[in-house]
Amino acid sequence: LCQGCPEIQEMKLNQCPFITSAALFHISKYCPNIDHLSLEHNIKILDDGVKELVSRCRRLKRLQLNSCGISGEGAKSIASYSRHMTILDIRYCTTLNDDIVKEIVCGCPNLVILNLSLCFNVTDKSAGHIVQHCTKLSSLYLVHCRISDEGGR
9 LCQGCPEIQE MKLNQCPFIT SAALFHISKY CPNIDHLSLE HNIKILDDGV KELVSRCRRL
69 KRLQLNSCGI SGEGAKSIAS YSRHMTILDI RYCTTLNDDI VKEIVCGCPN LVILNLSLCF
129 NVTDKSAGHI VQHCTKLSSL YLVHCRISDE GGR
(Lines of atoms letter the chains of each structure in order from A and count residues from 1; the text may use other names and numbers.)
(Lines give C-alpha, C1' and ligand atoms only; values in the text may rest on other atoms or scores of the structure.)
Protein backbone atom coordinates (compact mmCIF):
# COMPACT_ATOMS: atom_id res chain seq x y z
CA LEU A 1 0.00 0.00 0.00
CA CYS A 2 2.68 2.51 1.00
CA GLN A 3 4.95 1.79 -1.97
CA GLY A 4 2.08 2.17 -4.42
CA CYS A 5 0.77 5.45 -2.97
CA PRO A 6 3.79 7.64 -2.16
CA GLU A 7 1.78 10.87 -2.38
CA ILE A 8 -0.79 9.84 0.22
CA GLN A 9 -1.37 12.57 2.80
CA GLU A 10 -4.01 11.07 5.08
CA MET A 11 -4.31 7.53 6.36
CA LYS A 12 -6.65 5.98 8.92
CA LEU A 13 -5.82 2.48 10.13
CA ASN A 14 -7.95 2.38 13.27
CA GLN A 15 -8.75 -0.89 15.03
CA CYS A 16 -6.62 -3.05 12.76
CA PRO A 17 -5.42 -5.76 15.17
CA PHE A 18 -2.63 -6.96 12.89
CA ILE A 19 -1.02 -3.54 12.38
CA THR A 20 2.34 -3.32 14.18
CA SER A 21 5.19 -0.85 14.39
CA ALA A 22 6.50 -2.38 11.15
CA ALA A 23 3.71 -0.52 9.34
CA LEU A 24 5.09 2.76 10.69
CA PHE A 25 8.52 1.93 9.29
CA HIS A 26 6.93 1.45 5.85
CA ILE A 27 4.82 4.60 6.11
CA SER A 28 7.84 6.67 7.12
CA LYS A 29 9.91 5.23 4.27
CA TYR A 30 7.39 5.38 1.43
CA CYS A 31 4.92 8.13 2.44
CA PRO A 32 7.06 11.11 3.45
CA ASN A 33 4.28 13.59 2.63
CA ILE A 34 1.76 12.17 5.07
CA ASP A 35 0.29 14.85 7.30
CA HIS A 36 -2.57 13.00 9.04
CA LEU A 37 -2.25 9.52 10.49
CA SER A 38 -4.83 7.83 12.69
CA LEU A 39 -3.90 4.53 14.36
CA GLU A 40 -6.46 4.33 17.13
CA HIS A 41 -6.82 1.12 19.15
CA ASN A 42 -3.81 -0.69 17.70
CA ILE A 43 -2.01 -2.12 20.72
CA LYS A 44 0.88 -3.45 18.62
CA ILE A 45 1.99 0.08 17.70
CA LEU A 46 5.00 0.65 19.96
CA ASP A 47 7.58 3.33 20.73
CA ASP A 48 10.12 2.29 18.10
CA GLY A 49 7.61 2.68 15.29
CA VAL A 50 6.41 6.05 16.56
CA LYS A 51 9.98 7.34 16.79
CA GLU A 52 10.71 6.22 13.23
CA LEU A 53 7.50 7.81 11.98
CA VAL A 54 7.90 11.23 13.57
CA SER A 55 11.62 11.46 12.84
CA ARG A 56 11.11 10.86 9.11
CA CYS A 57 7.65 12.30 8.38
CA ARG A 58 8.34 15.91 9.26
CA ARG A 59 5.12 17.17 7.62
CA LEU A 60 2.96 15.21 10.04
CA LYS A 61 0.49 17.61 11.63
CA ARG A 62 -2.28 15.34 12.94
CA LEU A 63 -1.51 12.16 14.85
CA GLN A 64 -4.02 9.96 16.64
CA LEU A 65 -2.48 7.19 18.73
CA ASN A 66 -5.08 6.68 21.41
CA SER A 67 -5.23 3.24 22.98
CA CYS A 68 -2.04 2.10 21.29
CA GLY A 69 0.93 0.38 22.91
CA ILE A 70 3.14 3.43 23.23
CA SER A 71 4.73 4.49 26.49
CA GLY A 72 6.12 7.78 27.68
CA GLU A 73 9.18 7.15 25.52
CA GLY A 74 7.07 7.17 22.37
CA ALA A 75 5.46 10.40 23.52
CA LYS A 76 8.92 11.91 24.06
CA SER A 77 9.76 11.08 20.44
CA ILE A 78 6.73 13.06 19.34
CA ALA A 79 7.97 15.99 21.41
CA SER A 80 11.44 15.79 19.85
CA TYR A 81 10.44 15.72 16.19
CA SER A 82 7.01 17.31 15.81
CA ARG A 83 7.21 21.11 15.97
CA HIS A 84 4.50 21.37 13.28
CA MET A 85 2.03 19.07 15.04
CA THR A 86 -1.39 20.72 15.39
CA ILE A 87 -3.56 17.80 16.54
CA LEU A 88 -2.31 15.15 18.94
CA ASP A 89 -4.46 12.44 20.48
CA ILE A 90 -2.64 10.10 22.84
CA ARG A 91 -5.54 9.09 25.05
CA TYR A 92 -4.99 6.15 27.34
CA CYS A 93 -1.21 6.34 27.38
CA THR A 94 -1.07 5.21 31.00
CA THR A 95 2.67 5.84 31.46
CA LEU A 96 2.37 9.48 30.47
CA ASN A 97 3.20 11.81 33.36
CA ASP A 98 3.60 15.52 34.02
CA ASP A 99 7.26 15.63 32.97
CA ILE A 100 6.49 14.02 29.62
CA VAL A 101 3.53 16.34 29.07
CA LYS A 102 5.90 19.26 29.60
CA GLU A 103 8.22 17.86 26.91
CA ILE A 104 5.30 17.41 24.53
CA VAL A 105 3.88 20.90 24.94
CA CYS A 106 7.34 22.50 24.71
CA GLY A 107 8.21 20.45 21.63
CA CYS A 108 4.85 20.93 19.89
CA PRO A 109 4.11 24.66 20.24
CA ASN A 110 1.57 24.70 17.39
CA LEU A 111 -0.96 22.35 18.98
CA VAL A 112 -4.57 23.43 18.57
CA ILE A 113 -6.14 20.17 19.77
CA LEU A 114 -4.63 18.01 22.51
CA ASN A 115 -6.29 14.93 23.96
CA LEU A 116 -4.69 13.39 27.05
CA SER A 117 -7.86 11.77 28.40
CA LEU A 118 -7.43 8.59 30.42
CA CYS A 119 -3.77 9.38 31.07
CA PHE A 120 -4.13 8.73 34.77
CA ASN A 121 -0.79 10.27 35.82
CA VAL A 122 -1.57 13.66 34.30
CA THR A 123 -2.18 16.19 37.09
CA ASP A 124 -2.57 19.91 37.73
CA LYS A 125 1.13 20.32 36.99
CA SER A 126 0.46 19.27 33.39
CA ALA A 127 -2.38 21.76 33.16
CA GLY A 128 0.09 24.48 34.12
CA HIS A 129 2.54 23.39 31.41
CA ILE A 130 -0.24 23.31 28.83
CA VAL A 131 -1.44 26.81 29.71
CA GLN A 132 2.10 28.15 29.60
CA HIS A 133 3.22 26.59 26.31
CA CYS A 134 0.13 25.88 24.18
CA THR A 135 -1.02 29.39 23.35
CA LYS A 136 -2.77 28.29 20.12
CA LEU A 137 -4.83 25.57 21.77
CA SER A 138 -8.55 25.63 20.96
CA SER A 139 -9.57 22.18 22.32
CA LEU A 140 -8.16 20.35 25.31
CA TYR A 141 -9.38 16.99 26.61
CA LEU A 142 -8.32 15.82 30.07
CA VAL A 143 -11.13 13.35 30.83
CA HIS A 144 -10.34 11.05 33.79
CA CYS A 145 -7.04 12.78 34.51
CA ARG A 146 -6.04 13.87 38.01
CA ILE A 147 -7.02 17.50 37.52
CA SER A 148 -8.45 19.49 40.43
CA ASP A 149 -9.86 22.98 40.85
CA GLU A 150 -6.27 24.24 40.98
CA GLY A 151 -5.55 22.89 37.50
CA GLY A 152 -8.52 24.74 36.07
CA ARG A 153 -7.24 28.15 37.12
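The sequence shown begins at 9 in the numbering used here and counts up by one. Just so you know, even glycine gets a beta-carbon here, dropped at the ideal spot from N, CA and C.
Same chain, Cβ closer than 7 Å to residue i, five either side skipped, listed in chain order
| i | result |
| --- | --- |
| Val151 | Ser125 and Leu126 |
| His34 | Cys10 |
| Ala6 | Absent from the structure is residue 6, since the part of the chain shown begins at 9 and ends at 161. |
Counted within 10 angstroms of its Cβ, other Cβ atoms place residue i as buried (16 or more) or exposed
| i | result |
| --- | --- |
| Cys114 | exposed |
| Asp97 | buried |
| Leu9 | exposed |
CA-to-CA distance, residue j to residue i, given in whole angstroms
| i | j | result |
| --- | --- | --- |
| Glu111 | Ile78 | 16 Å |
| Ile95 | Glu81 | 19 Å |
| Ile51 | Asn105 | 20 Å |
| Gln23 | Tyr149 | 21 Å |
| Pro40 | Gln140 | 32 Å |
| Val130 | Asp56 | 23 Å |
| Arg154 | Ala87 | 22 Å |
| Ser156 | Asp132 | 6 Å |
| Ala135 | Glu158 | 9 Å |
| Phe26 | Gly12 | 20 Å |
| His92 | Leu145 | 13 Å |
Other residues of its chain near residue i: CB distance less than 6 Å, five sequence neighbours each side excluded
| i | result |
| --- | --- |
| Leu73 | Leu47 and Ile98 |
| Ser147 | Ile121 |
| Leu45 | Met19 and Leu71 |
| Asn123 | Asp97, Arg99 and Tyr149 |
| Leu21 | Ile27 and Leu47 |
| Cys116 | Ser90 and Met93 |
Whole-number beta carbon distance between residue j and residue i, since they are thought to touch under 8 Å
| i | j | result |
| --- | --- | --- |
| Cys101 | Leu119 | With 8 Å as the limit, Cys101 and Leu119 do not qualify as a contact, their Cβ atoms being about 16 Å apart. |
| Asp43 | Arg70 | 7 Å |
| Ser90 | Val62 | 5 Å |
| Ser75 | Lys59 | At roughly 19 Å, the Cβ-Cβ gap does not stay under 8 Å, so Ser75 and Lys59 are not in contact. |
| Leu32 | Ile53 | 7 Å |
Beta bridge counterpart(s) of residue i as assigned by DSSP
| i | result |
| --- | --- |
| Ser170 | The structure shown does not extend to residue 170, since the chain spans only 9 to 161, so no value can be given for it. |
| Gln17 | Beta-bridge pairing links Gln17 to no other residue. |
| Thr28 | Answer is none; Thr28 lacks a bridge partner. |
| His44 | Glu18 and Arg70 |
8 Å CB neighbourhood of residue i in its chain, flanking five on each side removed
| i | result |
| --- | --- |
| Arg64 | Ser36, Lys37 and Pro40 |
| Pro14 | Tyr38, Cys39, Pro40 and Asn41 |
| Phe128 | Thr102, His152, Cys153 and Arg154 |
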